[in-house]
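Each residue of the sequence shown is one higher than the last, beginning at 1 in UniProt numbering. By construction, the Cβ of each residue, glycine as well, lies at the ideal position given by its N, Cα and C atoms. Small disclaimer: the values here were computed from a predicted structure and weren't measured. Just below is one structure, and these are the notes that go with it.
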Amino acid sequence: MERVTRREWLAATGAVAATTTGCLGLGGSSKPVTVGSLLPLSGPGALGQVAAHHERAVAAAVDHVNAAGGIHGREVEYVPKDTAASPDVAAEAYAELADEDAIGVVGAVISGNTASLTETAAEDGRPLVSPASTSPGLASAGRTDDAKFFGRTCPNDRQQAAVMAKVLDDEGYANAGTVSVLHLDDAFGAALADAVAGATDADVVSTVAFEASSSTPAEPVDAALADEPDAVAFVGTPGQSTSTRNELLERRYDGDVVLSSGLVPSNPSTRFDGAYTATVDSAQTVGTTRLTQELADIAPLMPYTTNAYDAAFLLSLAAEASDDASPAGVAANLRAVSGGVGHSVTVREFERAATLLGSGRAVNYSGASGPVNLNDDLEPLSSYLVERVDEGSVETLELLQRTFFGGGEA
1 MERVTRREWL AATGAVAATT TGCLGLGGSS KPVTVGSLLP LSGPGALGQV AAHHERAVAA
61 AVDHVNAAGG IHGREVEYVP KDTAASPDVA AEAYAELADE DAIGVVGAVI SGNTASLTET
121 AAEDGRPLVS PASTSPGLAS AGRTDDAKFF GRTCPNDRQQ AAVMAKVLDD EGYANAGTVS
181 VLHLDDAFGA ALADAVAGAT DADVVSTVAF EASSSTPAEP VDAALADEPD AVAFVGTPGQ
241 STSTRNELLE RRYDGDVVLS SGLVPSNPST RFDGAYTATV DSAQTVGTTR LTQELADIAP
301 LMPYTTNAYD AAFLLSLAAE ASDDASPAGV AANLRAVSGG VGHSVTVREF ERAATLLGSG
361 RAVNYSGASG PVNLNDDLEP LSSYLVERVD EGSVETLELL QRTFFGGGEA
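Have a look at this one:
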């Protein structure tokens, strides 16, 4: 017997009508399902490029859902919004998505922007899933008595802090007795700096904040090096930290530098030689390969692009798993479709997932970024790499499995 696809079945039964009449989905509704995003598309420097890659990834996820017949037979409309890396602009953009009754929102990217939205999202009962906001303080954000409305497909920075501390402490790496922490002066930078200071065994002799895109980077670098520490832990984000990062790396400093994630380019200049960094392991899963092929025209992908795809796909899966594709139904099903003992599904497999869910079976999404497996805080554990730059090449020194962070299986 010839296999009939879900889209063909929906069309044959009237669940998908002709283009002129629109989609007829759950409850007879022909109204599209809206999924939004909040990305710093006009953000400074590399941040804008990161956001552009994230937008492409979310659009790809939505395309894959629509190719499979949509959510409960209803077309998904993707509405991207620019946050301009500003909490005020992000708040206005979120309000616009709320007015359009988005069932879920991918974003924001910058932890400070995200933190400013989680309470509103919880009050609205609208799930917000960030692909890149890693601040430890967000673990409990967006929680009400009944549900949690903020999640993320990127790891909590407590993991990154543990890796940076290992590099600072271990004899095979920096083996530092004294450390200065130099961090971006925002919610993300302050939280990760505190976490690194709390995780290292070294004596933290100074903690220095610097302004985003600083025009006077020498001042905070002078302060961080004043006590002649054995190592400097540098916490920042792409674009916003470039001037201060470069100032530090160009100094005649005999100690070690440990950079937070995303600050070493794919082809680093000689100024990066000797610098360590902690990087989320980009597991080459089937989902990773599929998305990389899909977005080959923008390769190499910027940090957390795969996580952006996963955020949009998870929101869609949770909507399919719910009875009514409502924001509350999406929030209630996010964790269930991300892990557990259900049937494994991955990138481009929304049709298979919908068929399984329609048959009353559970699904376990293993995404473009690897296994997602959201915990009670709606965040995953990830494997990390310890990397070091040598003569313009980024070398992997060690892989730290999820078990290193207390995550059970490797």
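Residue 472, buried or exposed, once every other Cβ within 10 Å from all chains shown has been counted against 16: This structure cannot speak to residue 472, because the chain is shown only from 1 to 410.
Contact between the stretch 331 to 349 and the stretch 383 to 401 (3+ Cβ pairs under 8 Å): no
Where serine 316 falls, given that 16 or more other Cβ within 10 Å makes a residue buried: buried
Secondary structure of serine 393, DSSP reduced to three states: strand
Minimum C-alpha distance to asparagine 333 - residue among Ala57, Tyr94, Leu314, Pro380: Leu314
Threonine 403 to aspartate 145 span [Cα, whole Å]: About 31 Å.
Rounded separation between leucine 263 and proline 238 - CA only: 6 Å
Minimum length 4: unbroken alpha helix (DSSP H) runs contained in the stretch 128 to 199: 157 to 169, 187 to 199
With 16 other Cβ atoms within 10 Å as the buried cut-off, status of threonine 216: exposed
Whether aspartate 230 touches serine 383 by CB criterion (7 Å): no
Alpha-carbon to alpha-carbon, lysine 148 and glycine 70: Their Cα atoms are separated by approximately 25 Å.
Nearest neighbour of glycine 36, chosen from Ala93, Ser30, Pro87 [CA to CA]: Ala93
Buried or exposed by the 16-neighbour rule on C-beta atoms within 10 Å, applied to aspartate 390: exposed
Start-end ranges of the beta strand (DSSP E) lying completely within the stretch 251 to 313, minimum 3 residues: 256 to 259, 276 to 280
Whole-angstrom distance between arginine 352 and alanine 67, CA atom to CA atom: 12 Å
Contact belief for alanine 141 with alanine 102 at Cβ below 8 Å, rounded distance in angstroms: Going by Cβ atoms, the distance from alanine 141 to alanine 102 rounds to 19 Å, so no, they are not a contact pair.
Assigned secondary structure, threonine 403 (DSSP; H/G/I helix, E/B strand, else coil): helix
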